[in-house]
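Single-structure report; data block below.
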Amino acid sequence: MAAGIGSIRLTDKPLIVCDVDDVVLQFATPFAAFLESCGHRLIPRSFKLTGNIVSGHDETVLEASAVQSLIDDFFTAQESWQTPFAEAVEALHTLAGTADLVFLTAMPPRHTDARRRLLDELTLSYPLIAADEAKGPLVAALHAGRPLPVAFVDDMAHNLHSVGEHVPDCLLIYMPPPVEIHTFAPPPQAHVHKAVDWVEAKSMIATHFSI
Ligand SMILES: [Mg+2]
Numbered sequence: 002m003a004a005g006i007g008s009i010r011l012t013d014k015p016l017i018v019c020d021v022d023d024v025v026l027q028f029a030t031p032f033a034a035f036l037e038s039c040g041h042r043l044i045p046r047s048f049k050l051t052g053n054i055v056s057g058h059d060e061t062v063l064e065a066s067a068v069q070s071l072i073d074d075f076f077t078a079q080e081s082w083q084t085p086f087a088e089a090v091e092a093l094h095t096l097a098g099t100a101d102l103v104f105l106t107a108m109p110p111r112h113t114d115a116r117r118r119l120l121d122e123l124t125l126s127y128p129l130i131a132a133d134e135a136k137g138p139l140v141a142a143l144h145a146g147r148p149l150p151v152a153f154v155d156d157m158a159h160n161l162h163s164v165g166e167h168v169p170d171c172l173l174i175y176m177p178p179p180v181e182i183h184t185f186a187p188p189p190q191a192h193v194h195k196a197v198d199w200v201e202a203k204s205m206i207a208t209h210f211s212i
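Now the structure itself:
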């Protein structure tokens, strides 16, 4: 089980579990800018990074291992690149007034300290779990079947489906970022609700929690 989950103390309020990359913090846009700073270019032709990152000189496609190290370098330098989406900080502050909020970020755990500093800098000092395993079992372990409403926000269909399978009464909110590469992403199933931005997501969560 992901490090840190056992140390999170929930109260008797509803629970919101929220993804970070491309939901709270921008990822695709600053990552494309980071690639350019390294002499590469992202050409969105499908919903994946490997195969779509090319050399700025001759458009040679970068190997998977080179893409992995660029992602790693980006997460190491995230404090210099990643910024929040409009309304995200304000909406999360409002929601956290009446709910427990936990960030669940699909990032290698070695980057937890940098992410923690960045979220704290943005006044988002809520508990953080960094894991690269399936999200459904983690949310189920965190919630532990308490008789309280739960909501989960993510930009990836497979994460929403995983949480839906393990926490069947969870409100599932799909919030795709407004970036070209995400237009190639597989859409979620019908039981997942789509929000266009944080204002809409906040209202959907408040309705589900009856607050
Ligand atoms: Mg994400």
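Counting in the numbering used here, the sequence shown runs from 2 upward without gaps. Ideal Cβ placement from N, Cα and C applies to all residues, glycine included. A quick note: this is a predicted structure, and the numbers were derived from the prediction, not measured.
Close beta carbons around residue i, own chain, < 6 Å, minus the five adjacent residues each side
| i | result |
| --- | --- |
| L11 | D101 |
| P31 | W82 and Q83 |
| I182 | A29 and P45 |
| A89 | V25 and W199 |
| S51 | At residue 51 the sequence reads Thr, which differs from the Ser that was named. Here the set comprises A65 and V68. |
Integer-rounded CB distance, given that residue j should sit under 8 Å from residue i
| i | j | result |
| --- | --- | --- |
| L172 | H194 | 7 Å |
| V154 | D20 | 6 Å |
| A107 | D74 | Going by Cβ atoms, the distance from A107 to D74 rounds to 18 Å, so no, they are not a contact pair. |
| T99 | I212 | 5 Å |
| G146 | V164 | With a Cβ gap of about 14 Å, G146 and V164 do not count as contacting. |
| I9 | L143 | 7 Å |
Per-residue DSSP class, three states only, for residue i
| i | result |
| --- | --- |
| D198 | coil |
| T77 | helix |
| D22 | strand |
| V224 | What the structure shows of the chain is the stretch from 2 to 212, and residue 224 is not part of that stretch, so it cannot be assessed. |
| A145 | coil |
| A121 | Checking the displayed sequence, the identity of residue 121 turns out to be Asp instead of Ala. It is helical. |
| R111 | helix |
| L50 | coil |
| V168 | coil |
Identified DSSP bridge partners for residue i
| i | result |
| --- | --- |
| I174 | V154 and H194 |
| L105 | I130 |
| S56 | H41 |
| I17 | L102 and A152 |
| P85 | L26 |
| V62 | V55 |
Contact set for residue i: own chain, Cβ-Cβ below 7 Å, skip 5 residues either direction
| i | result |
| --- | --- |
| K203 | A92, T95 and L96 |
| H209 | P150, A152 and L172 |
| N53 | L43, I44, P45, R46 and S47 |
| R117 | L129 |
Interface flag, residue i vs chain D, CB-CB below 8 Å
| i | result |
| --- | --- |
| G5 | Considering every chain present, this structure includes no chain D. It has just one protein chain. |
Cβ neighbours of residue i in the same chain (closer than 8 Å, five flanking residues each side left out)
| i | result |
| --- | --- |
| T61 | V55 |
At least 3 beta-carbon pairs within less than 8 Å: the region 124-133 vs the region 144-159: The region 124-133 vs the region 144-159: no contact.
Cβ pair count under 8 Å reaching 3, the region 162-171 against the region 136-151: Yes, the region 162-171 touches the region 136-151.
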